[in-house]
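Trainee:
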Amino acid sequence: TRDTGTGLGLSVVHGIIEQHGGMIRVRSTPGRGTTFEVFLPELASETRAAPPRSSASDDGREQTLLVAEDDAAVRALLRRILSRAGYRLILASNGQEAVELFSAHRDDIDAAVFDVMMPTLKGHEALMRIRQTRPDLPAVLFSGYMKALALKPGELGPHTLLLRKPFKTEEFLAAIARLVS
Numbered sequence: 002t003r004d005t006g007t008g009l010g011l012s013v014v015h016g017i018i019e020q021h022g023g024m025i026r027v028r029s030t031p032g033r034g035t036t037f038e039v040f041l042p043e044l045a046s047e048t049r050a051a052p053p054r055s056s057a058s059d060d061g062r063e064q065t066l067l068v069a070e071d072d073a074a075v076r077a078l079l080r081r082i083l084s085r086a087g088y089r090l091i092l093a094s095n096g097q098e099a100v101e102l103f104s105a106h107r108d109d110i111d112a113a114v115f116d117v118m119m120p121t122l123k124g125h126e127a128l129m130r131i132r133q134t135r136p137d138l139p140a141v142l143f144s145g146y147m148k149a150l151a152l153k154p155g156e157l158g159p160h161t162l163l164l165r166k167p168f169k170t171e172e173f174l175a176a177i178a179r180l181v182s
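Mapping to my numbering: the sequence shown position 73 is 74, numbers consecutive.
Printed below as a string of structure tokens:
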């Protein structure tokens with residue numbers, strides 16, 4: 002048992018499913034457990050993925066993002082979304098690891114993409130440590146917790162965007178593109 006939730010959370014899952022036109026059915030029987038059924042609409046026709054957009058900087062190299070997310074499933078989803086969009090990634094499972102990876106790859110990283118609520122070191126705390134040596138590093142912080150988003154961008158310095166989970170892929174990619182352009 003955990004004292005606080007650390008996973009996606011039902012409200013985040015519900016938001017993602019609703020964005021895709023689906024629904025969740027919940028059935029609970031005391032002493033037996035709970036069943037969740039997810040329903041998503043069938044595609045009317047075969048769709049093809051859009052070709053990855055080029056995110057090359059002016060010098061022609063791909064932009065590298067330092068991504069920190071403690072939930073392995075969400076981290077894998079972020080990796081898939083950002084890789085398909087053309088970004089190179091350095092992945093961390095918590096804020097402390099992100100700080101260590103930044104130290105090792107400082108000159109390669111173009112922006113940070115951090116979950117706010119992580120064990121060991123929260124995303125905004127990791128960002129503040131990183132910005133002690135690189136104050137101009139662009140960053141996107143995201144969270145499903147309203148209290149975490151009580152942070153104001155000004156508190157974290159310029160070049161910081163805050164996103165509330167769940168967010169649409171397009172909104173997420175647009176936020177990153179704005180920062181690294």
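By construction, the Cβ of each residue, glycine as well, lies at the ideal position given by its N, Cα and C atoms.
Below 8 Å on the Cβ atoms is my guess for L79 versus V141; work out the distance and round it to an integer in Å.
Mentor: Not a contact, Cβ separation roughly 11 Å.
Trainee: Which whole-angstrom value is the C-beta distance of F115 and A69, which I expect to be below 8 Å?
Mentor: With 8 Å as the limit, F115 and A69 qualify as a contact, their Cβ atoms being about 4 Å apart.
Trainee: Might you give, ordered along the chain, the residues of its own chain that have their beta carbon closer than 8 Å to the beta carbon of E98, omitting 5 neighbours on each side?
Mentor: Same-chain partners within the cutoff: A69, T121.
Trainee: Measuring only the C-alpha atoms, how far is G10 from M129?
Mentor: Rounded to whole angstroms, G10 to M129 spans 27 Å at the Cα level.
Trainee: Just the C-alpha distance for L90 and L83, rounded to the nearest angstrom, thanks.
Mentor: Going by the C-alpha atoms only, they are around 8 Å apart.
Trainee: What does F103 pair with, by DSSP beta-bridge criteria?
Mentor: Answer is none; F103 lacks a bridge partner.
Trainee: For G124, I'd like the list of residues in its chain whose CB is within less than 7 Å of its CB, leaving aside the five on either flank, ordered along the chain.
Mentor: Only A69, G96, F115, D116, V117, L142 meet the Cβ criterion.
Trainee: Report the partner residues of L67 according to the DSSP bridge assignment.
Mentor: Paired residue(s): I91, A113.
Trainee: By the three-class DSSP mapping on this structure, what secondary structure does G124 have?
Mentor: G124 falls in the helix class under three-state DSSP.
Trainee: Once you ignore the five residues that flank E126 on each side, which residues in its own chain have a CB closer than 7 Å to its CB?
Mentor: Same-chain partners within the cutoff: G96.
Trainee: With a Cβ-Cβ cutoff of 8 Å, do H106 and D137 count as a contact?
Mentor: No, the pair does not count as a contact, with Cβ atoms beyond the cut-off.
Trainee: If we count the other Cβ atoms within 10 Å of its Cβ and call it buried at 16 or more, is D108 buried or exposed?
Mentor: Burial call: exposed.
Trainee: Cutting at 7 Å between CB atoms, please list the residues of its own chain near V39, excluding the five before and the five after it.
Mentor: Closer than 7 Å at the Cβ level, and outside the excluded window around V39, lie I18, G23, I25.
Trainee: How far does the alpha helix (DSSP H) with L180 in it extend, from its first residue to its last?
Mentor: Residues 170-181.
Trainee: Give me the DSSP bridge partner(s) of G158.
Mentor: The partner list for G158 (beta bridge, DSSP) is empty, contrary to what the question assumes.
Trainee: Please say whether G145 and S12 have beta carbons closer to each other than 8 Å?
Mentor: For S12 and G145, yes; Cβs fall inside 8 Å.
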